[in-house]
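Numbering (the working numbering), first residue to last: 277 to 451. Backbone N, C-alpha and C fix where the C-beta goes; we use that ideal spot for every residue, glycine too. Quick caveat: nothing in here was measured; it's all calculated off a predicted structure.
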Ligand SMILES: Cc1cc2nc3c(=O)[nH]c(=O)nc-3n(C[C@H](O)[C@H](O)[C@H](O)COP(=O)(O)O)c2cc1C
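Here is the structure:
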């Protein structure tokens, strides 16, 4: 039996036991974690924890992320013309957890004000401020494409999510 076949067999039995093969496989892809922030229709700061963020295009500068259409957050981001990607640093696991909870999330964290009045989470390792370029329906999610208006970074290590757990990545930022 080849290594590849053996690996596939092992994976199949593990995931059947877990009962959700697709989600289980996706969790094996390590991601950074962001909070996507915006202003709601009343002008109140709002944000949600999102790991589906990725780069999309350099010219023009575009990024993307996706949001489940059944979420409470969906109509809020659906009306927004601007949003910010707050890239979480290794010491911000509590921020990631806060921005999943049914509470006034921005009341729990220190924040800054960005372009267009966008709320930004303080202490992140980077901020990418965007105007909404387009929305694309895709299954039970909508993909938000943002045109990058401003980026800023700090010299910090990232928070990584892998196999359902948080992993503060403490590395020398000069690599
Ligand atoms: C590490 C992590 C990553 C997440 N990534 C996403 C994502 O990419 N898209 C999404 O729709 N929800 C994602 N979520 C779930 C949302 O943060 C969560 O459902 C939302 O904030 C709370 O749901 P609500 O919008 O219905 O209040 C993620 C949650 C965690 C903990």
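*Close Cβ partners of residue 402 (< 6 Å) along its chain, the five nearest in sequence each way excluded*: 363, 429
*Using the C-alpha atoms, what's the distance from residue 300 back to residue 412?*
25 Å
_CA nearest to the CA of residue 322, picked from 337, 448, 355_ = 355
*Under 8 Å by Cβ, that's how I've got residue 439 and residue 338 pegged, so tell me the actual separation to the nearest angstrom.*
No, residue 439 and residue 338 are not in contact; Cβ-Cβ is about 29 Å, not under 8 Å.
*Cα separation between residue 283 and residue 304?*
Residue placement at residue 283 is flagged as unreliable, the pLDDT there being 45, under the threshold of 50; the coordinate-derived value follows with that caveat. Using only the alpha carbons, I get a separation of about 14 Å.
*Taking DSSP as the reference, what is the three-state secondary structure of residue 300?*
helix
*Can we count residue 443 as close to ligand 1, meaning its CB is less than 7 Å from some heavy atom?*
no
*What beta strand (DSSP E) runs, 3 residues minimum, are completely inside the region 353-404?*
358-363, 387-389, 395-397
*Quick one: give me the first and last residue of the beta strand (DSSP E) that residue 444 is part of.*
441-444
*Near residue 306, which residues of its chain fall below 6 Å by C-beta distance, leaving aside the five closest residues on each side in sequence?*
436, 438
*What is the rounded straight-line gap between the Cα of residue 318 and the Cα of residue 347?*
19 Å
*asked:* Going by DSSP, what residue range makes up the beta strand (DSSP E) through residue 464?
replied: In the structure displayed, the chain extends from 277 to 451; residue 464 sits before or after that span and is not available.
*Could you spell out where the beta strand (DSSP E) holding residue 420 opens and where it closes?*
417-429
*For ligand 1, is there a heavy atom less than 7 Å away from the beta-carbon of residue 343?*
yes
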